[in-house]
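Numbering (our numbering), first residue to last: 234 to 528. From the three backbone atoms N, C-alpha and C, an ideal C-beta is built for every residue, glycine too.
Written out as structure tokens, the structure reads:
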């Protein structure tokens, strides 16, 4: 098996698209198809199911992906070890909550560009579902979550700091400005939840579970800004990092609900797969995050 073909296979498996894999590898889609066909013929198995425009890994493809990632990573590690430096055109793929991306990552990205002007960073929303699988498959190199635990033995998690949270609603909401509230006061309230900021929503779901309620959000959307607007319009209650709501609280368009059950907070965790090879570029980015993300 040619490393070139395995690298192509990893790209298609990661992006689930022959066209996007071609763009990532700067190769024609026909070239990508020829390489995958050659690999399938050599191994005597089908690696992908092609359902219209969709591409899905077969069971054999899933098995090969594990070995291919190791071989591609080993090649990159060898290059870095021999030359003392990885390619200046390194690409790092991250999953990160919108609130961290907008308010805390700017300084890290600026310093990283100064250190590695040829490197690229690809940022994706941090939907919690499927995150561990993406890290395992190598679709994502690293992720950040706002959570107090990570339920996966395959992940390495490093604590970077604490993000304070609060419950917010419109200023004229019945729960705003009154006595301290607890989990039971939230039962039956319309909930507004973001799918873009992954796991801190689970803290609100856990609060409601304490009150014996199985929360059903009335609105879910992929934008924290949209969630804030809906809350300000009186459509329900949401949970947000304090930093994400500071402007609206100061402007009076949102009010913090008087939570009486102790501090609401989430750990900021940096995640990567336990078998992931940490390239020099990725290691440099991680070091910058350790030093500056929560500063």
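Practice prompt. Use the C-beta contact count for residue 410: other C-beta atoms within 10 angstroms, 16 or more gives buried, fewer gives exposed.
Written response: The residue you call residue 410 lines up with position 177 of the chain shown. Exposed, because fewer than 16 other Cβ atoms sit within 10 Å of the Cβ of residue 410.
Worksheet item: For residue 519, does the three-state DSSP call read helix, strand or coil?
Response: Numbered from its first residue, the chain shown carries residue 519 at position 286. DSSP, read as helix, strand or coil, puts residue 519 in helix.
Worksheet item: Quick one: Cα of residue 417 to Cα of residue 441, how far?
Response: Here the question's residue 417 lines up with position 184 in the chain shown. Here the question's residue 441 lines up with position 208 in the chain shown. When rounded, the distance between both Cα atoms is 7 Å.
Discussion item. Runs of 4 residues minimum, wholly inside the region 308–391: which ones carry the alpha helix (DSSP H) assignment?
Written reply: 331–336, 339–348 and 364–370
Fill in: Own chain residues within Cβ distance below 7 Å of residue 371, not counting five before or after
Numbered from 1 along the chain shown, position 138 holds the residue referred to as residue 371. Closer than 7 Å at Cβ, skipping near neighbours: 243, 247 and 302.
Practice prompt. Could you tell me if residue 287 is buried or exposed, where buried requires 16 or more neighbouring beta carbons within 10 angstroms of its beta carbon?
Written response: Here residue 287 refers to the residue found at position 54 of the chain shown. Exposed: under 16 other Cβ atoms inside 10 Å.
Discussion item. Pull the bridge partners of residue 234 from the DSSP assignment, please.
Written reply: As a position in the chain shown, residue 234 is number 1, starting the count at 1. For residue 234, which the question treats as bridged, DSSP gives no partner whatsoever.
Worksheet item: Does the beta-carbon of residue 470 have 16 or more other beta-carbons within 10 angstroms, so that it is buried, or is it exposed?
Response: If you number the chain shown from 1, residue 470 lands on position 237. Classification of residue 470: buried, given that the 10 Å Cβ count is 16 or more.
Discussion item. Can you look up residue 525 in the DSSP assignment and give me helix, strand or coil?
Written reply: Mapped onto the chain shown, residue 525 falls at position 292. It is helical.
Worksheet entry | Start-to-end residues for the beta strand (DSSP E) that takes in residue 500 | Counting from one through the chain shown, the residue named residue 500 turns up at place 267. Note, residue 500: beta strand (DSSP E), 498–506.
Worksheet item: Excluding five sequence neighbours on each side, which residues of the same chain lie with their C-beta closer than 7 Å to the C-beta of residue 239?
Response: Within the chain shown, numbered from 1, the residue matching residue 239 stands at position 6. Cβ neighbours of residue 239 beyond the five flanking positions: 301, 304 and 305.
Fill in: For residue 402: DSSP bridge partner residues
Start at 1 with the first residue of the chain shown, and residue 402 comes out as number 169. Answer by DSSP bridge pairing, in chain order: 488.
Discussion item. Between the region 500–507 and the region 388–404, can you find at least three pairs of beta-carbon atoms closer than 8 Å?
Written reply: yes
Practice prompt. Determine the direct distance from the alpha carbon of residue 514 to that of residue 319, and round the result to whole angstroms.
Written response: Stepping through the chain shown from its first residue, residue 319 is reached at position 86. Stepping through the chain shown from its first residue, residue 514 is reached at position 281. Legend: pLDDT at residue 319 = 48, less than 50; position of this residue unreliable, no value from coordinates given.
Worksheet item: Where residue 497 and residue 276 are concerned, what is the direct C-alpha to C-alpha distance, given to the nearest angstrom?
Response: Residue numbering aside, residue 497 sits at position 264 when the chain shown is read from its first letter. Residue numbering aside, residue 276 sits at position 43 when the chain shown is read from its first letter. Whole-angstrom Cα-Cα distance: 53 Å.
Worksheet entry | Residue from 359, 394 and 265 with nearest C-alpha to residue 245 | Taking the chain shown and counting its residues from 1, the one referred to as residue 245 is at position 12. Measuring from the Cα of residue 245, the nearest candidate turns out to be 265.
Practice prompt. List in chain order: all unbroken alpha helix (DSSP H) runs of 4+ residues lying wholly within the region 246–287.
Written response: 251–258 and 262–276
Discussion item. Taking 8 Å as the threshold (C-beta atoms), are residue 493 and residue 445 in contact?
Written reply: Walking along the chain shown from the start, residue 445 turns up at place 212. Walking along the chain shown from the start, residue 493 turns up at place 260. In this structure, residue 493 does not lie closer than 8 Å to residue 445 by Cβ.
Worksheet item: Should residue 332 go down as buried or exposed, given a rule of 16 or more other Cβ atoms within 10 Å for buried?
Response: The sequence position of residue 332 within the chain shown is 99, counting from 1. Counting Cβ neighbours within 10 Å, residue 332 comes out buried, since at least 16 surround it.
Worksheet item: Does the distance from the C-beta atom of residue 334 to that of residue 368 stay below 8 Å?
Response: The residue given as residue 334 occupies position 101 in the chain shown. The residue given as residue 368 occupies position 135 in the chain shown. Against a cut-off of 8 Å, the Cβ pair of residue 368 and residue 334 comes out as no contact.
Worksheet entry | Own chain residues within Cβ distance below 8 Å of residue 487, not counting five before or after | In the chain shown, the residue the question calls residue 487 occupies position 254. The residues 401, 402, 403, 404, 461, 464, 465, 478 and 481, in chain order, have a CB closer than 8 Å to that of residue 487 in the same chain once the five nearest residues on each side in sequence are set aside.
Item to complete: Sort 298, 421 and 399 by Cα distance to residue 249 and report the nearest one.
Response: Stepping through the chain shown from its first residue, residue 249 is reached at position 16. When each option's Cα is compared against that of residue 249, the closest is 298.
Worksheet item: Straight-line CA distance for residue 421 to residue 475?
Response: Position 188 of the chain shown holds residue 421. Position 242 of the chain shown holds residue 475. If you take the alpha carbons of residue 421 and residue 475, they lie about 24 Å apart.
Item to complete: Would you decide whether residue 339 is buried or exposed? Buried here means 16 or more other CB atoms lie within 10 Å of its CB.
Response: Sequence index remark: in the chain shown, residue 339 carries index 106 (1-based). Residue 339 should be labelled exposed.
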